[in-house]
Amino acid sequence: MKSKVVLLHCPTYEGSKVENALTRGLDLLGGPSALFRKGEKILLKPNLLYGQNPQRCVTTHPAVFERVIRILQEQGLVLSFGDSPGYGKLTVTAKKAELAQVAEQYQIPLADFDSAQWKDVQLGPRTIQIPLAVGSLEADGIVSLPKMKTHGLTRITGAVKNQLGCVPGFHKAEFHVRFPNTDSFASLLVQINLLLKPRLYIMDGIMAMEGEGPGSGDPVPMECLLLSQDPVALDATFCRLIDLDPRFVPTIQAGERLGLGTAQEDKIELLGDPLERLKRPSFKVKRSPPVQDVTFRPLYPIRNLLLPQPRIDPESCKRCGICVEACPVSGKALSFSNGKTNPPVYDYSACIRCFCCHEMCPHRAIHIHTPWLGQQVIRFLGRGRSVTKEG
Ligand code: SF4
Ligand code: SF4
Numbered sequence: 003m004k005s006k007v008v009l010l011h012c013p014t015y016e017g018s019k020v021e022n023a024l025t026r027g028l029d030l031l032g033g034p035s036a037l038f039r040k041g042e043k044i045l046l047k048p049n050l051l052y053g054q055n056p057q058r059c060v061t062t063h064p065a066v067f068e069r070v071i072r073i074l075q076e077q078g079l080v081l082s083f084g085d086s087p088g089y090g091k092l093t094v095t096a097k098k099a100e101l102a103q104v105a106e107q108y109q110i111p112l113a114d115f116d117s118a119q120w121k122d123v124q125l126g127p128r129t130i131q132i133p134l135a136v137g138s139l140e141a142d143g144i145v146s147l148p149k150m151k152t153h154g155l156t157r158i159t160g161a162v163k164n165q166l167g168c169v170p171g172f173h174k175a176e177f178h179v180r181f182p183n184t185d186s187f188a189s190l191l192v193q194i195n196l197l198l199k200p201r202l203y204i205m206d207g208i209m210a211m212e213g214e215g216p217g218s219g220d221p222v223p224m225e226c227l228l229l230s231q232d233p234v235a236l237d238a239t240f241c242r243l244i245d246l247d248p249r250f251v252p253t254i255q256a257g258e259r260l261g262l263g264t265a266q267e268d269k270i271e272l273l274g275d276p277l278e279r280l281k282r283p284s285f286k287v288k289r290s291p292p293v294q295d296v297t298f299r300p301l302y303p304i305r306n307l308l309l310p311q312p313r314i315d316p317e318s319c320k321r322c323g324i325c326v327e328a329c330p331v332s333g334k335a336l337s338f339s340n341g342k343t344n345p346p347v348y349d350y351s352a353c354i355r356c357f358c359c360h361e362m363c364p365h366r367a368i369h370i371h372t373p374w375l376g377q378q379v380i381r382f383l384g385r386g387r388s389v390t391k392e393g
C-alpha cells in the first residue's frame, strides 16, 4: 500500500484559507473520522525551538495551530499541546511564538513536558533508554505540527525531527553527546517516532525558512501545507519541492532503513495540488551529503580541516551566552575567555559538530563554515548522486 501525502497550495496565513486547505487535506486522507475517534485525548506538538516572533519562521505559525485546533475540537477531541524548547521555559517560548495566546483562547492546556518516562529501544546492537515527556505518552494520539525549515546537521528539519521535542529538557543535548554521529542521531530520531507513533503530521510550509535554519535562516514563501501519516514520505516530498536529493537527509535514510516510512516516489501517492506548481528549486539548502565525524584514526589529526565548523560573527554577537549554555559537551566546546567583553571562543578539537549553538543563537551570529578540504570531500562524496547545486 502506498503512503499518502497531501500537498496543498495555501498562499497566506489568513485563517479561512488555512482552514479550508486543512479541511480539504483531511478529507483527502479519508476525513477526520478515519483518523480520530470522538473523545480521544490528542496532543498537538508544534515546533517551538525557541520563542520568536512568528514572522521569523522559527516556530509553527499560530494561524496553523489555531485552525488545527478548531477542526479537531469540532470532532469532539480533547486537546493539549506541548514541546520542549531548546532553551527557555515552555510557557515563555509559547507566548513569544504566539501559540500560548491561541491555546488560552481555545482552552487548550499545556501537557506535562517536564517529567519523563524512560522507554527501551533497540539502536543497532544496543538497547538504550529514551526519556519521553509524560504529556506525549499520556495522550491517545499525537498530531505533529512541524515547520518547514533547513538544518545544519540533517539538511532539513521536518516531520521526523519534530518529535525530538518530546524528549524533555537537557536530555536532548545529552543525546547529541551520546550519538555524535549523524546517522546514529538520525536513527535515534526515527526510534522516537516509532515509539510515539504520531497519528498525523501537518507541516507548516506557508512561509518556510531557507539558508541557515533552523534558527538563523531567512523566511521564504513556499505557500503550502503538507499532511501525511508517513513522516518519511512527507519529508521526502518537502525535499522534492526544493530540489534536494532525499538521500542527503539522514532522517529520511534512517526512516526508510528502520521501517518508519518510505521516500520512494513510486511508493508515495501524492494528493492535492501538483508538486510542479509549488516547486522552488532556488530554495537555499545544502545540497550535499552531511559530513560524518571523523572516526578513522589516521585522519584524526586533520579532523578540523575536514569537518564543518560553527563560527561566530563578532559584529552580530550580543554576548548573551545562550550558545555556551546550549553546548552539550562536558566542560563546553565554546566559552567566554575574558568575561563577556568578547564573543565566546571555540575549542574545535572538543566540538562534536552537533550545531546546537548555531541552532540556538537568537541573534543569527553563528554561521557554519566548511573548510576547503572538507568541501573537496563533500564534492567527492556527492559524485554519482544528483547534486544539482551547492546551497
Ligand atoms: S553567538 Fe549568539 S548565542 Fe552566542 S553569545 Fe553571541 S549572540 Fe549569544
Ligand atoms: S560548540 Fe556548538 S557545535 Fe560544537 S559541540 Fe558545542 S554546541 Fe555543538
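Sequential numbering of the sequence shown, starting at 3, is according to our numbering. Yeah, the Cβ is synthetic: ideal placement off N, Cα and C, and Gly gets one too.
Asked: CA-to-CA distance, residue 83 to residue 144, given in whole angstroms; Found: 9 angstroms
Asked: Candidates 118, 132, 73, 52: closest to residue 100 by CA position; Found: 52
Asked: Distance CB(residue 285)-CB(residue 254) smaller than 9 angstroms; Found: no
Asked: N-terminal and C-terminal residue of the alpha helix (DSSP H) that residue 159 is part of; Found: Run containing residue 159: none in the alpha helix (DSSP H); it sits in the beta strand (DSSP E), 157–159.
Asked: Sequence-distant residues of the same chain with beta carbon closer than 6 angstroms to residue 38, five excluded per side; Found: 77, 79
Asked: N-terminal and C-terminal residue of the beta strand (DSSP E) that residue 145 is part of; Found: 143–147
Asked: Assumed close pair residue 314, residue 354 - CB separation to whole angstroms, cut-off 8 angstroms; Found: That pair is no contact at about 17 angstroms.
Asked: Nonlocal neighbours in the same chain, by C-beta distance under 6 angstroms from residue 351, ignoring five residues either side; Found: none
Asked: In DSSP terms, what residue 314 is bridged to; Found: 368
Asked: Under 6 angstroms, CB to nearest heavy atom of ligand 1: contacting residues; Found: 314, 319, 320, 321, 322, 323, 324, 325, 345, 346, 363, 365, 367, 368
Asked: Residue closest to residue 109, alpha-carbon to alpha-carbon, out of 81, 349, 200, 193; Found: 81
Asked: Of the residues 49, 41, 5, the one placed nearest residue 30, counting alpha carbons only; Found: 5
Asked: Cα-Cα separation, residue 226 to residue 276; Found: 11 angstroms
Asked: Same chain, Cβ closer than 7 angstroms to residue 371, five either side skipped, listed in chain order; Found: 310, 311, 313
Asked: Cβ-Cβ distance between residue 240 and residue 171 below 9 angstroms; Found: no
Asked: Straight-line Cα distance separating residue 169 from residue 50; Found: 13 angstroms
Asked: Neighbour flag for residue 99 against chain B, beta carbons, 9 angstroms; Found: Protein chains in the displayed structure number just one, and chain B is not present.
Asked: Distance CB(residue 85)-CB(residue 150) smaller than 9 angstroms; Found: no
Asked: Local conformation of residue 393 per DSSP, three classes; Found: Residue confidence is low: residue 393 scores 35 on pLDDT, short of 50, so the model does not pin down where it sits. Its coordinate-derived value is still stated next. Correct three-state label for residue 393: coil.
Asked: Inter-stretch contact (C-beta, 8 angstroms, three-pair minimum) for the region 357–365 and the region 313–331; Found: yes
Asked: Ligand 2 heavy atom lying under 8 angstroms from the CB of residue 43; Found: no
Asked: Where the alpha helix (DSSP H) through residue 197 begins and ends; Found: 184–198
Asked: Between the CA atoms of residue 36 and residue 133 - distance to the nearest angstrom; Found: 30 angstroms
Asked: 6 angstroms Cβ shell around residue 129 - same chain, five flanking residues per side excluded; Found: 122
Asked: Distance cut-off 8 angstroms: residue 336 Cβ against heavy atoms of ligand 2; Found: yes
Asked: Distance, residue 93 Cα to residue 192 Cα; Found: 27 angstroms
Asked: Contact test: residue 330 Cβ vs ligand 2 heavy atom, cutoff 8 angstroms; Found: yes
Asked: Stretch pair the region 15–27 + the region 65–77: three plus CB contacts closer than 8 angstroms; Found: yes
Asked: Whether residue 358 touches residue 187 by CB criterion (9 angstroms); Found: no
Asked: Residue nearest to residue 220 in terms of C-alpha spacing, selected from 33, 59, 194; Found: 59
Asked: Residue 254: CB within 8 angstroms of a non-hydrogen atom of ligand 2; Found: no
Asked: Pairwise C-alpha distance: residue 190 and residue 74; Found: 30 angstroms
Asked: Within the region 327–384, ranges of the alpha helix (DSSP H) (whole runs, at least 4 residues); Found: 358–362, 374–384
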